[in-house]
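Peer 1: Attaching a single structure in structure tokens format; questions to follow.
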Amino acid sequence: MRVIGYEIDDDKVKKLNNSKLNQENNNLFITNDPMKIRDADFVIISVPTPVTRSQELDLGYVESASETISENLKRGSVVILESTVYPGVTEEIIKPILEESGLRCGMDFKVAYSPERINPGDDVRAAEDHKDRERNG
């Protein structure tokens, strides 16, 4: 399966493309060209959702990613939100942004939510989750 990673930060793109993981996987391609999203059958939104000073979820990154996808969404794609959000974000925020593409959810593309189980940068939590899975089989 060919995987296209989209990242806006040029330095991160270079680092990821030069990483050991990428060198071992000929099917992984990291780019900062949003038009490459048009090549994807499945698009996964996995961006930060920080908490503001007033303890509210900041959905700015989710909205920005959705706008970029909307500009490059192809018919038949499945867009999956993985970022941690509150119930309703997929339907109330992401779907309308994606429909700005002129495509209709449910007819021309699909949307899904798959909450992340761990924080990718949290080694302590990842180790705890691993121990829990070992104990619980």
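This note's numbering numbers the first residue of the sequence shown as -6 and each following residue consecutively. Glycine residues also receive a C-beta, built at the ideal position from the N, C-alpha and C atoms.
Does the separation of the CB atoms of I62 and T24 fall below 8 Å?
Peer 2: no
Peer 1: Across which residues does DSSP place V(-4) in a beta bridge pair?
Peer 2: L21
Peer 1: Could you say if the region 13 to 27 and the region 43 to 53 meet the contact criterion of at least three C-beta pairs nearer than 8 Å?
Peer 2: By the Cβ criterion, the region 13 to 27 is not in contact with the region 43 to 53, since fewer than three pairs of Cβ atoms, one from each stretch, lie closer than 8 Å.
Peer 1: Locate the beta strand (DSSP E) running through I73, then write down its first and last residues.
Peer 2: 71 to 74
Peer 1: Mind checking whether N65 and R31 have CB atoms under 8 Å apart?
Peer 2: yes
Peer 1: Report the rounded CA-to-CA distance for G81 versus N15, giving the unit in angstroms.
Peer 2: 35 Å
Peer 1: For the beta strand (DSSP E) that V104 lies in, which residues bound it at each end?
Peer 2: 103 to 106
Peer 1: Kindly indicate which three-state DSSP category I37 falls into: helix, strand or coil?
Peer 2: strand
Peer 1: Are the CB atoms of F102 and V71 within a distance shorter than 8 Å?
Peer 2: Closer than 8 Å, so yes.
Peer 1: Kindly identify the DSSP beta-bridge partner or partners of V78.
Peer 2: In DSSP, V78 forms no bridge with anything.
Peer 1: Quick check: what's the CA-CA separation for E92 versus S47?
Peer 2: 30 Å
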